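S.K.: Got a structure for you, questions after.
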Amino acid sequence: MSFKGSLKKSHVVSSEEGYNKYATAYDDSLGYLNSFENDVLLKFFGDLRGKKVLDVGCGTGRIIHDLHMAGAEVCAVDLSDAMLKITKKKFPMIETAQADIRKLPFENESFDMVVATFLLVHLDKLEEAFDEVNRVLKVGGEFIVTNINQKKAPKLKTKDGETVVIESFYHRPENVLNSLDRSFFKIDKEEFVYDDKVWVNQIVKAVKF
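If you're matching positions, the sequence shown starts at 217 in this note's numbering and goes up one per residue.
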């Protein structure tokens, strides 16, 4: 028996393809996403006046307003062109670039801070990404990175009714710290966000030495 209609099956896709499909629906879940980290992030940011900050894996610009309000000169990159288009529309004053965290289009020691939220879950290996962040950071620069406790990728519904599952990888908190250490970062702060005694997000501030 066969069926005709618009029912679409879910399938696992790359982060670039997945977020290109999901971009227009992404902001519908901002409140939920912010609950994972925003209070801690704001505390970790501090006073960013006069500092150049790279938001890598910026999505639709979820944290750019907070960075801007803290005084930062913000540059934003994402692998998804569709997500970047939304970011550019929201924040036309900032520099943007389509790029992978493992190959950033910037000179050595270009930034005072790099921020990566909800990104590690889409990387199978961390060291290559952390090495590249180290390269574009100034000595003494700060890397703020989050690691969500997600062992199974969620099904995401696009605006046109398609369900996509974006390729995801789980990283133990200690593995994140060890990878940062191997990429010549010193851990400055680490906090966890909990939901009913279960950690849902690891937030780390590391310093390039």
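Cβ coordinates follow ideal geometry from the N, Cα and C atoms, glycine included.
Remember, predicted model here, so these are calculated numbers, not experimental data.
1) To the nearest whole angstrom, what separates the beta carbons of PHE260 and ILE360, a pair I think is in contact under 8 Å?
2) What do you reckon, are the CB atoms on LYS268 and GLU253 nearer than 8 Å?
3) How about VAL256 and VAL409: are their beta carbons less than 8 Å apart?
4) Taking the straight line between their C-alpha atoms, what separation do you get for GLU232 and GLY273?
5) Can you give the beta carbon distance from ALA298 to ILE280, rounded, assuming they're within the 8 Å contact cut?
6) Let me check understanding here. Comparing Cα to Cα, which of LYS424, ALA369 and ASP411 lies closest to VAL330?
7) For ASP271 and TYR242, I'd like the C-alpha separation in whole angstroms.
8) Helix, strand or coil for MET217? Go by DSSP, reduced to three states.
9) Excluding the five sequence neighbours on either side, which residues of its own chain have a C-beta within less than 6 Å of the C-beta of PHE385, listed in chain order?
10) Hey, would you say GLU343 sits closer than 8 Å to ARG398, going by beta carbons?
11) Leaving out the 5 sequence neighbours to the left and right, which residues in its chain are closer than 7 Å to TYR238 when beta-carbon positions are compared?
12) Applying the criterion that 16 or more other CB atoms from any shown protein chain within 10 Å of the CB defines a buried residue, is PHE400 buried or exposed?
13) Locate the beta strand (DSSP E) running through PHE400, then write down its first and last residues.
14) Identify every residue that forms a DSSP beta bridge with THR240.
15) Taking buried to mean at least 16 other C-beta atoms within 10 Å of its own C-beta, is TYR235 buried or exposed?
16) What's the gap between the Cα of ASP213 and the Cα of VAL420?
17) Run through the stretch 311-384 for me and flag every whole beta strand (DSSP E) of 3 or more residues, listed as ranges in chain order.
18) Could you check whether LEU320 and VAL352 sit closer than 8 Å to each other, using their CB atoms as the reference points?
19) If you reduce the DSSP assignment to three classes, tell me which class HIS227 lands in.
20) Consult DSSP for LYS267 and reduce its assignment to one of helix, strand or coil.
21) From the DSSP output, which residues share a beta bridge with GLU289?
M.R.: Considering the structure as presented:
1) As a working note, residue 260 is residue 44 in the sequence shown. As a working note, residue 360 is residue 144 in the sequence shown. Contact flag correct, Cβ pair sits at about 5 Å.
2) On the sequence shown, position 52 is the one that residue 268 refers to. On the sequence shown, position 37 is the one that residue 253 refers to. Not in contact: LYS268 and GLU253 (Cβ atoms no closer than 8 Å).
3) To locate residue 256, count along the sequence shown from 1; it is residue 40. To locate residue 409, count along the sequence shown from 1; it is residue 193. It is a contact, given that the beta carbons lie within the stated cut-off.
4) For the purposes of this step, residue 232 is taken as residue 16 along the sequence shown, with counting starting at 1. For the purposes of this step, residue 273 is taken as residue 57 along the sequence shown, with counting starting at 1. If you take the alpha carbons of GLU232 and GLY273, they lie about 11 Å apart.
5) Within the sequence shown, the letter at position 82 stands for residue 298. Within the sequence shown, the letter at position 64 stands for residue 280. Not really, about 17 Å apart at Cβ, beyond 8 Å.
6) The sequence position of residue 330 within the sequence shown is 114, counting from 1. Nearest of LYS424, ALA369 and ASP411 to VAL330, Cα basis: LYS424.
7) On the sequence shown, residue 271 is found 55 positions in, with the first residue counted as 1. On the sequence shown, residue 242 is found 26 positions in, with the first residue counted as 1. Spanning the two alpha carbons is a distance of roughly 17 Å.
8) Position 1 of the sequence shown, counting from 1, holds the residue named residue 217. Because the pLDDT of MET217 is 32, which lies under 50, any placement of that residue in the model is unreliable, and the number read from its coordinates should be weighed accordingly. Here MET217 sits in coil by DSSP.
9) In the sequence shown, residue 385 corresponds to position 169, counting from 1. Within the same chain, PHE385 has close Cβ partners ASP340.
10) Here residue 343 refers to the residue found at position 127 of the sequence shown. Here residue 398 refers to the residue found at position 182 of the sequence shown. For GLU343 and ARG398, yes; Cβs fall inside 8 Å.
11) As a position in the sequence shown, residue 238 is number 22, starting the count at 1. Hits under 7 Å: LEU372, THR374 and VAL380.
12) What you label residue 400 is simply residue 184 of the sequence shown in a count that begins at 1. Label assigned to PHE400: exposed.
13) To locate residue 400, count along the sequence shown from 1; it is residue 184. Segment: none, PHE400 is in no beta strand (DSSP E) and carries neither H nor E.
14) Here residue 240 refers to the residue found at position 24 of the sequence shown. According to DSSP, which records beta bridges pairwise, THR240 is partnered with nothing at all.
15) Within the sequence shown, residue 235 is the residue found at index 19, counting from 1. Flag for TYR235 reads buried.
16) Nothing about residue 213 can be read from this structure; the chain reaches only from 217 to 425.
17) 311-314, 327-332, 353-364, 371-373 and 379-382
18) The residue given as residue 352 occupies position 136 in the sequence shown. The residue given as residue 320 occupies position 104 in the sequence shown. Yes, these two residues count as a Cβ contact at 8 Å.
19) As a working note, residue 227 is residue 11 in the sequence shown. Strand.
20) For the purposes of this step, residue 267 is identified with residue 51 of the sequence shown, where counting begins at 1. Correct three-state label for LYS267: coil.
21) Looking up residue 289 in the sequence shown gives position 73. DSSP lists LYS268 as partners of GLU289.
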